[in-house]
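Enquirer:
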C-alpha cells in the first residue's frame, strides 16, 4: 500500500512504480483489482482555501467529504451537485473523499438543475502516469485559458492521472425545501409529469419516481428549494400545472425532505438486496420504454427519467436488453464473474474508443494507472 | 505577436489545392480570388490581418469531412471560423492556410421541449438559437455580448460566457452533445440528449479547445424555460472597494442573482455621454438582476437592497417598470460601443478571485498612470471576470504596442492574485505568448498531448493557444505525436 503524504511524494511514488497501481480515495466504491499495488490519497488531505464570498473551495484530493460538507454548512453553503454516498449500495466501508467524487464525476438528484460534479470543477492538480505534476484550470469561476483538462480529469476514474488537489465552486444552501408527492402514477405518467415540471419556469431541483415507495406504492417526487414564500408560490403553481396527473401533497418537514432525497441519491431501496445494480443515462422521454425492456426487479427514475437505476437478477446483461438506445449504461454493482464478462462502462463507438485509448496512452504510457478499469 | 513565415511549398501549390477543393464543393463555396479572400483576413482582433490561401464554405457535415480529409492529405493547415467575432484572434488565418467557415450550416435540426434541448448546425448565431424557441417560452442561456453575430461554433470553440453565467453557467455547462469532424475527415458524435459521458469526458475537453481538435458542425444545446420575470437594481458607491465588499456580501447572504455587473467611473462617464442612461456620477456602479415571479423578485431585491444599504450607497435605484429596467441596462450594454466612440481600445478578459478586486483595481490604476494610457473597467463582478478597456490612439506610432504591454501587465497581475488570463474570450493569438505566466511547461505539455491525439499532424488551427516555441517541434512533425 502506497500512501503518499504530499504531492511530491505522490509524484515520486508514481515514477518509482514497478507495476500497475490501484488508485484509491476512501475506498468506498471498489476494492483493488488483483495484481495492482494500492495507492491511496488519504495523506493528501486538508482544505487549502475557502472563500465563502467567492463561492470557492480548494482541497487536497484525499480530504474526507464529511470535512468539506461540515465546513460549508457552517457558512450556509453546500456542494450543490449532491454527490451520492456509495457505501450502502456497494456494502463497502471507508470514508468518501472529494478526490473520489471528482474521479467518478459523482452527482446526485440536483444534477438535473444545477449540473454535474464536472460543472462545478474549477481546477485540478494531478500526477500523470509518468510522474509529472500537472495543473489545469485554477480557482476562478470563469477560465478558458488553454484546454479544459479539468473536465477531462473529472470522471476519468484515475486512469489519466492521480488527483492531488481540486478546486471547485460551491453554492449557498437554501432556506427551505418543499417536495411535491404523488402516489400511484405508472412509469410513463410519472416521466411525463416530471418532464412537465422540469419544463416549467419553477426551478425544480429534483425530479424522481420510485416504482415502490416506502409503503410499496409508486411515488413521484418533485423538489423545490429556496426562500419560504418562493417555495410556497412555486408549489402552488406546479400543482395547477400538473393537476391532470392527480392531487399532489406537499412535504416541507426538513428532516423528511432531506431523508427523502437521500433515499433517491444513495439508491437506498436497493441496499442489502440480492442482485446486480445498473445505472442508465438516457433521453428522459425514452426512459419508460427503456425501463420496460430491462426486465428488472425494480426501477428508480431520477433526473426526470434521464437516470434509471435498475436492480436485476445476477449476471443479466441489461445493456443488451435495452439496446438499441441513446445514452449509456454502467454496471455499478455485480459479482466478479459478471464484471469479468460484462464491461462496467458502456463500450464507445470505435472512433471515440480510439481517441480515449490514445489519450490514456499519452497520459499514462506505461499503462499503470487503474489499468483496464475504463477500457 | 509573431506568426511564422508561410510555407512556400504550400503557397506554390495554391492552384492545385484550390482545384482539389473545388472538386469537392459547389462552385460558390470555394473562394480563392485575393480580392475576396481579403474579407476573411481577420476577426474582431483587427490589429492583425492576413488573407488566407483560400476559403471554403461547406454546407454539410459531409462536405466538411471531405474538405478536411483533402487538406489532411495535402498537408495544408485549416483555420476554422464561426462568425469571425473572436476578440483573441482565434480565426486569424495565415497565408498558407485554408479558412473553413461554417456560416452555411445554420439550420435548426430538432427542437425537443419535452427533453429541453435543441439541435442546431453550428453556423447558427447564438441569439437565433433563442430566437427559434422563445415564442414557446424557452431560451438558450449563454449570452456573450456579441450574441447577435457570433456563431455557436465559435461559442463552443471558446467556451463563451456572458452576463448571466453566474446563474446559468457558460457554454460547456449548456452543451449536451456535438457532431465533430476530425482533421483526417472522421466524423464523431459525442454526447446527445442524455447527460454525462459514457467514458472520458471528451465533450468537456472539446469545448474551449479553440478549433484545434476538430470542426464542430452540429450541437445539442440545453434550453431552459424563461423565468416569469426579471428586474435589476442599480447601486452607486463612492469607492470600488465598497462595491466589491457589497458583491461579496450579497453572494454570502445566499441570494444568487443572475447577473452582477460592475462599472468604474471612466466607464460610467463614457456610457453616460454615449447612451444617456441616467447613471449617477460615482466611483463604482453595480447592476444586480434577479429573476422569478413578482413576489419572488420583491423578496430577493429586498434582501439585496438591505445589504447594499449597509454599505452606504451613493445611489440605490430599483427598477419600477420595464422601461426603467431597460434604462438601467442601456448604459452597460452600450459600454463597448461607447468606449469605441471616444477611443481605440483593447478589451481584456482576465478573471480574478472576487476577494482580490480592490487590490487589482488599485494595481490597474497604478499601471494606467505608469503607461500614460487610460483604463476603463467594466466586468461581471459575481464571477470575477474583468474586462478592463485600455484606451489608446491607433494612429499614434507606438501606442498599440504600449497598450499591448499594459494589457500583458494587467493580465499577469490577474494570474498573480490567483486568477487567469482569459475568462471567456479565449487565448487565440492574443494571449498565446502569455500562457507561460499561468502554466508551467508540464502543464502545457499535458494540453498539447490532447491535441496530439485529436490532430496528430497539428494541421488544425496550429498557431493558436500555445506559445510558438512550445509547439514548434510538433508543428514541424519532429515529435512522434500519438
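Chains as they are written, first to last, in my numbering: chain A, 107 to 481; chain B, 461 to 942.
Think of the CB as a built atom: it goes at the ideal place given N, C-alpha and C, for glycine as much as any other residue.
(1) Could you tell me which residues DSSP puts in a beta bridge with residue 275(A)?
(2) Could you spell out where the alpha helix (DSSP H) holding residue 436(A) opens and where it closes?
(3) In three-state DSSP terms, what is residue 588(B)?
(4) Name the chain B residues that come within less than 8 Å of residue 425(A), Cβ to Cβ?
(5) Below 7 Å CB to CB, which residues in the same chain sit around residue 696(B) once its five sequence neighbours on both sides are set aside?
(6) Can you grab the Cα-Cα spacing for the pair residue 209(A) / residue 471(A), in whole Å?
(7) At a Cβ cut of 9 Å, what residues of the stretch 145–162 of chain A count as close to chain B, listed as they run along the chain?
(8) Could you tell me the boundaries of the alpha helix (DSSP H) in which residue 791(B) lies?
(9) In terms of residue numbering, what span does the beta strand (DSSP E) encompassing residue 581(B) cover?
(10) Look up residue 474(A) in the DSSP assignment and say whether it is helix, strand or coil.
(11) Name the one or two DSSP bridge partners that residue 183(A) has.
(12) Are residue 704(B) and residue 813(B) touching if we call contact CB-CB under 8 Å?
(13) Counting only beta-carbon atoms, is residue 487(A) nearer than 8 Å to chain B?
(14) Tell me the start and end of each unbroken alpha helix (DSSP H) in the stretch 305–358 of chain A that is at least 4 residues and wholly inside, in chain order.
(15) Mind the definition here: the stretch 293–313 of chain A touches the stretch 727–740 of chain B only if three or more C-beta pairs lie below 8 Å; say whether that holds.
(16) Using three-state DSSP, classify residue 870(B) as helix, strand or coil.
(17) Span of the beta strand (DSSP E) holding residue 190(A)?
(18) Going by CA-CA distance only, name the one from 124(A), 201(A) and 145(A) that's closest to residue 112(A).
(19) In terms of residues, what are the limits of the alpha helix (DSSP H) holding residue 831(B)?
(20) Assuming contact is defined by CB atoms lying nearer than 8 Å, are residue 604(B) and residue 610(B) in contact in what I supplied?
(21) With a 10 Å radius around its C-beta and 16 neighbouring C-beta atoms as the bar for buried, classify residue 434(A) as buried or exposed.
(22) Please classify residue 830(B): is it buried, with 16 or more other beta-carbons within 10 angstroms of its beta-carbon, or exposed?
(23) Beta-carbon within less than 8 Å of residue 569(B)'s beta-carbon, same chain only, minus the 5 sequence neighbours each way: which residues are those?
(24) With a threshold of 16 other CB atoms inside 10 Å of the CB of residue 522(A), please say whether the residue is buried or exposed.
(25) Look up residue 170(A) in the DSSP assignment and give the residues it is bridged to.
(26) Roughly how many angstroms separate the alpha carbons of residue 799(B) and residue 854(B), rounded to a whole number?
(27) Look at the alpha carbon of residue 133(A) and the alpha carbon of residue 184(A), and state the distance between them as a whole number of angstroms.
(28) If you pair each beta-carbon of the stretch 523–531 of chain B with each one of the stretch 502–511 of chain B, do three or more pairs fall below 8 Å?
(29) Which word fits residue 318(A), buried or exposed, when buried means at least 16 other C-beta atoms lie within 10 angstroms of its C-beta?
(30) Mind checking which residues open and close the alpha helix (DSSP H) that includes residue 248(A)?
(31) Using a 10 Å radius around the Cβ and a threshold of 16 neighbouring Cβ atoms, would you call residue 124(A) buried or exposed?
(32) Run through DSSP, which three-state label would residue 509(B) get?
(33) In chain order, what residues of the stretch 310–342 of chain A put their CB closer than 7 Å to some CB of chain B?
(34) Between the Cα of residue 294(A) and those of 286(A), 314(A), 285(A) and 359(A), spot the shortest distance and give me the residue it belongs to.
(35) From residue 617(B) to residue 391(A), what does the alpha carbon distance come to, in whole angstroms?
(36) Could you name the residues of the stretch 839–861 of chain B whose beta carbon sits closer than 9 Å to any beta carbon of chain A, in the order they occur along the chain?
Expert: With the structure as the only source:
(1) Looking at the DSSP assignment, residue 275(A) forms a beta bridge with 162(A).
(2) No alpha helix (DSSP H) holds residue 436(A); the beta strand (DSSP E) holding it covers 433–439.
(3) If DSSP states are grouped into helix, strand and coil, residue 588(B) belongs with the helices.
(4) None at all; the shortest Cβ gap to chain B is about 11 Å.
(5) Answer for residue 696(B): 740, 742, 745, 773, 774 and 775, listed in chain order.
(6) Taking the straight line from one Cα to the other gives about 19 Å.
(7) For the stretch 145–162 of chain A, which is checked against every Cβ of chain B, the residues closer than 9 Å are 155, 157, 158, 159, 160, 161 and 162.
(8) According to the DSSP assignment, residue 791(B) belongs to the alpha helix (DSSP H) that extends over 782–793.
(9) Its beta strand (DSSP E) spans residues 577–581.
(10) Here residue 474(A) sits in coil by DSSP.
(11) Residue 183(A) has 278(A) as its beta-bridge partners, per DSSP.
(12) Going by beta carbons, residue 704(B) and residue 813(B) fall outside the 8 Å limit.
(13) Residue 487(A) lies beyond the range of chain A shown here (107 to 481); nothing can be said about it.
(14) The qualifying runs are 334–347.
(15) Contact between the stretch 293–313 of chain A and the stretch 727–740 of chain B is not established, with fewer than three Cβ pairs separated by less than 8 Å.
(16) Judged by DSSP in its simplified three-state form, residue 870(B) adopts helix.
(17) Following the DSSP letters along the chain, one finds residue 190(A) in no beta strand (DSSP E), marked with neither H nor E.
(18) Selected option, being the one with the closest Cα: 145(A).
(19) Start and end: 817–831.
(20) Cβ distance < 8 Å, so residue 604(B) and residue 610(B) count as in contact.
(21) With 16 or more Cβ atoms within 10 Å of its Cβ, residue 434(A) is classed as buried.
(22) Residue environment: residue 830(B) is assigned as exposed (fewer than 16 neighbouring CB atoms within 10 Å of its CB, all protein chains considered).
(23) The residues 579, 580, 581 and 678, in chain order, have a CB closer than 8 Å to that of residue 569(B) in the same chain once the five nearest residues on each side in sequence are set aside.
(24) With chain A covering 107 to 481 only, the question about residue 522(A) has no answer from this structure.
(25) Residue 170(A) is bridged to 203(A).
(26) One C-alpha to the other measures close to 14 Å.
(27) For residue 133(A) and residue 184(A), the gap between their C-alpha atoms comes out near 23 Å.
(28) For the pair of segments examined, the stretch 523–531 of chain B was found not to touch the stretch 502–511 of chain B: the number of CB pairs separated by less than 8 Å stays below three.
(29) Flag for residue 318(A) reads exposed.
(30) Residue 248(A) -> no alpha helix (DSSP H), and no H or E assigned at all.
(31) Residue 124(A) should be labelled exposed.
(32) Note: residue 509(B) maps to coil in three-state DSSP.
(33) Taking 7 Å as the cut-off between beta carbons, the residues of the stretch 310–342 of chain A near chain B are 333, 335, 336 and 339, in sequence order.
(34) The shortest C-alpha separation from residue 294(A) is found at 314(A).
(35) Answer to the nearest angstrom: the Cα atoms are 30 Å apart.
(36) Residues passing the 9 Å Cβ filter: 840, 842, 843, 844 and 845.
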